[in-house]
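At position 162 of the sequence shown (counting the first as 1) the number is 194 in this note's numbering, and the numbers step up by one without a gap.
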Amino acid sequence: MNDAEARHLIATALDDTLVVEAAAGTGKTTELVGRIVRILAEGRTSVDKIVAVTFTEKAAGELKLRLRERLDRERTAVQDEAARRHLDLALRRLEEAHISTIHGFCADLLRERPVEARIDPLFEVLTEDAAFRTFDDAFGRWLQEQLADPPEGVRRALRRTAFGGDDGPIDRLRNAAWELTGWRDFTGDWTMNPFDREAAIKETVGLLHEVADLTRSPSSRNDPLCSSTEPARRLSDEIRLQQEFGDTGAVDADGWEAGLVDLSRDRVLGNVRHGRGAMYKDGVRRDALLSAVEELRSRLDQFRMDADADLAALLQRELRGATARYEALKSAAGALDFLDLLVRARDLVRGNPLVRRGFQERFTHIFVDEFQDTDPLQAEILLLLAADNDAETDWRRVRPVPGRLFLVGDPKQSIYRFRRADVGIYREVFRQLEGHGARLLRLNTSFRSVPEIQACVNTAFAPVMTWCADAIAAAP
Numbered sequence: 033m034n035d036a037e038a039r040h041l042i043a044t045a046l047d048d049t050l051v052v053e054a055a056a057g058t059g060k061t062t063e064l065v066g067r068i069v070r071i072l073a074e075g076r077t078s079v080d081k082i083v084a085v086t087f088t089e090k091a092a093g094e095l096k097l098r099l100r101e102r103l104d105r106e107r108t109a110v111q112d113e114a115a116r117r118h119l120d121l122a123l124r125r126l127e128e129a130h131i132s133t134i135h136g137f138c139a140d141l142l143r144e145r146p147v148e149a150r151i152d153p154l155f156e157v158l159t160e161d162a163a164f165r166t167f168d169d170a171f172g173r174w175l176q177e178q179l180a181d182p183p184e185g186v187r188r189a190l191r192r193t194a195f196g197g198d199d200g201p202i203d204r205l206r207n208a209a210w211e212l213t214g215w216r217d218f219t220g221d222w223t224m225n226p227f228d229r230e231a232a233i234k235e236t237v238g239l240l241h242e243v244a245d246l247t248r249s250p251s252s253r254n255d256p257l258c259s260s261t262e263p264a265r266r267l268s269d270e271i272r273l274q275q276e277f278g279d280t281g282a283v284d285a286d287g288w289e290a291g292l293v294d295l296s297r298d299r300v301l302g303n304v305r306h307g308r309g310a311m312y313k314d315g316v317r318r319d320a321l322l323s324a325v326e327e328l329r330s331r332l333d334q335f336r337m338d339a340d341a342d343l344a345a346l347l348q349r350e351l352r353g354a355t356a357r358y359e360a361l362k363s364a365a366g367a368l369d370f371l372d373l374l375v376r377a378r379d380l381v382r383g384n385p386l387v388r389r390g391f392q393e394r395f396t397h398i399f400v401d402e403f404q405d406t407d408p409l410q411a412e413i414l415l416l417l418a419a420d421n422d423a424e425t426d427w428r429r430v431r432p433v434p435g436r437l438f439l440v441g442d443p444k445q446s447i448y449r450f451r452r453a454d455v456g457i458y459r460e461v462f463r464q465l466e467g468h469g470a471r472l473l474r475l476n477t478s479f480r481s482v483p484e485i486q487a488c489v490n491t492a493f494a495p496v497m498t499w500c501a502d503a504i505a506a507a508p
């Protein structure tokens, strides 16, 4: 199907569910607006029953403005009297259309049904900055309690340094807790692989001491291999000093773990200069020493990955306390953040058949722009609203009413991963819709660039974007 045929179907196949893949500059918003106007002109629905969801407030405002301009233009140009009446009415009632971000749309649903959603009818929607300030307050209170007797994960995290960055351990812990708060609807524990931390530390420290001893007292004081391995000797000396003045055989597991992790990231040790000459010093061949250094670096990297994975799983459990504090503060203030809007709206639509049926009857046409930026919650809400069965609660099994859904996205832009976006959801939804008769269309003609530039970009990125190679191959 060529580009012109795809655009014709967008304007005329009004009873079909369409998924349109369109890159930036291909006029996808123009086509979306045109389809809305065509549906309204034919009297298939009224403007208050249309939902148009886009990614940002700015984009939503521009979409509404373009729809207003198109309605005004079409109503003066159309010859059919009935179509003119439909467009006149749509223009007068345009403010009743749900043209907003997905979060704005969810907020509207919740304000209509606060009792069923079990929320404060006068709830406040927190901006991202306001949500972070609330969380920062909650985290500070939680951390003060933890410091009296820190759990293992928190204790280990606080021993880590700010290696190569400006954030200290508390800043990193706060940022990790904030990131996890954005995924709090996923309640399962992360997998903890078997990891004998103390044994791994002893083994790695033993190898560190061996390499440090081999690199001491080179034949030439200016040997570049000696200067490259100085970080290893420094950490070895620090650990030995602790062993000498501490209990015999004692292991400062948290401190040594932090030191080994830092050493694995050290750029000096990571870019060893080999130097010249077969012998590094008496009894130590240079090639043998380089092999030992490489073994240490490999061991350090493996230790860091194992330790980080183990620590992350611990923190994922322990930081739930900070999330609980955050939830309590929001509840006391009657406030919802962006994730709350999605979760509460999903629960409302999925868990209340009467509410779901009412919304399904009310919203006859749902348009979604930038669908590659959707996340599982957004996909669940939209598919449940588009379903032809008000009894089905599993969004992966619903069958959308033909013509109710119109999705526009560009899977190649999914690399940006805006706010929990998952291109896997995009592909899963498409496969599901395709199984129920949805049609995939592609807009390939760009109005923003020339074919030569497009061909160059497509050629450069085709090897790494293999899963959408068919889309790239179809582009001009």
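The beta carbon of each residue, even a glycine, is placed where N, CA and C say it ideally should be.
Endpoints, beta strand (DSSP E) assigned at residue i
i    : result
L133 : One detail in the question is off: residue 133 reads as Thr in this sequence, not Leu. Taken as a continuous stretch (DSSP letters only), the beta strand (DSSP E) holding T133 covers H130 to T133.
V52  : L50 to A54
Contact under 8 Å by Cβ, residue i with residue j
i    : j    : result
V400 : K60  : no
E262 : A324 : no
D294 : L158 : no
C138 : L374 : yes
L322 : L240 : no
V65  : R124 : no
A56  : R474 : no
A339 : N225 : no
D420 : D454 : no
V300 : S260 : yes
A494 : A354 : no
V51  : A356 : no
I131 : A54  : no
L346 : G220 : no
L343 : R105 : no
Q274 : D286 : no
R394 : K96  : no
T58  : S478 : yes
L72  : A122 : yes
L126 : V79  : yes
L190 : P183 : no
P432 : T49  : yes
L170 : L361 : The sequence given here has Ala at residue 170, not Leu. Yes, the Cβ-Cβ distance between A170 and L361 is below 8 Å.
Closest by C-alpha distance to residue i, when choosing among the options
i    : options                   : result
R352 : E270, G315, R229 and W215 : W215
N476 : A92, A487, E466 and G469  : A487
R272 : D298, N254, D245 and R253 : D245
T166 : E276, A149 and T213       : T213
G172 : T236, G467 and Y358       : Y358
D269 : T355, L257, V147 and V237 : V237
R305 : D314, D319 and L292       : D319
T425 : D168, P434, R389 and A194 : R389
T204 : I82, K444, D168 and L437  : At residue 204 the sequence reads Arg, which differs from the Thr that was named. Ranking the options by Cα distance to R204, first place goes to D168.
G75  : H397, Y458, W210 and Q464 : H397
A45  : I68, T58 and D420         : I68
L154 : A377, F277, A367 and L119 : A367
H135 : R429, D372, W427 and D442 : D372
D120 : Q111, R107 and E128       : R107
D152 : A365, Q404, A91 and I82   : A365
F87  : A423, R229 and T133       : T133
R150 : R100, R376, F277 and S296 : R376
V430 : E402, G456 and V461       : V461
E94  : T62, R70, A109 and Q111   : T62
Extent of the continuous alpha helix (DSSP H) run through residue i
i    : result
M311 : It is not in any alpha helix (DSSP H) - M311 instead sits in the beta strand (DSSP E) that spans M311 to K313.
T193 : T193 -> no alpha helix (DSSP H), and no H or E assigned at all.
L212 : P201 to T213
E37  : D35 to T44
I71  : K60 to A73
P256 : P256 to S260
E424 : Where E424 is concerned, there is no enclosing alpha helix (DSSP H), given that its DSSP letter is neither H nor E.
S296 : A285 to R297
F462 : V455 to G467
I151 : Element bounds for I151: n/a, residue is neither H nor E.
D112 : Here D112 belongs to no alpha helix (DSSP H), and DSSP marks it neither H nor E.
K234 : R229 to T247
N490 : P483 to F493
Identity of the residues DSSP links to residue i by a beta bridge
i    : result
P432 : A419
I398 : V83 and L437
E14  : The structure shown has nothing for residue 14, since the chain only spans 33 to 508.
R474 : E53
R317 : M311
Under 8 Å, with one C-beta from each stretch per pair, do the segment 367-381 and the segment 411-429 reach the 3-pair mark? Contact between the segment 367-381 and the segment 411-429 is present: three or more C-beta pairs spanning the two stretches fall below 8 Å.
Three or more C-beta pairs under 8 Å: does that hold for the segment 103-118 against the segment 127-142? Too few Cβ pairs lie closer than 8 Å, so no.
Inter-stretch contact at 8 Å, needing at least 3 Cβ pairs: the segment 246-259 / the segment 296-311: The count of Cβ pairs closer than 8 Å, one atom from the segment 246-259 and one from the segment 296-311, reaches three, so the stretches are in contact.
Examine the Cβ distances between the segment 452-466 and the segment 429-443 and report whether three or more of them are shorter than 8 Å. Contact holds: three or more Cβ-Cβ distances are below 8 Å.
Assess contact between the segment 285-293 and the segment 328-341, defined as three or more Cβ pairs (one per stretch) separated by less than 8 Å. Is contact present? Of all C-beta pairs linking the segment 285-293 to the segment 328-341, three or more are shorter than 8 Å, placing the two stretches in contact.
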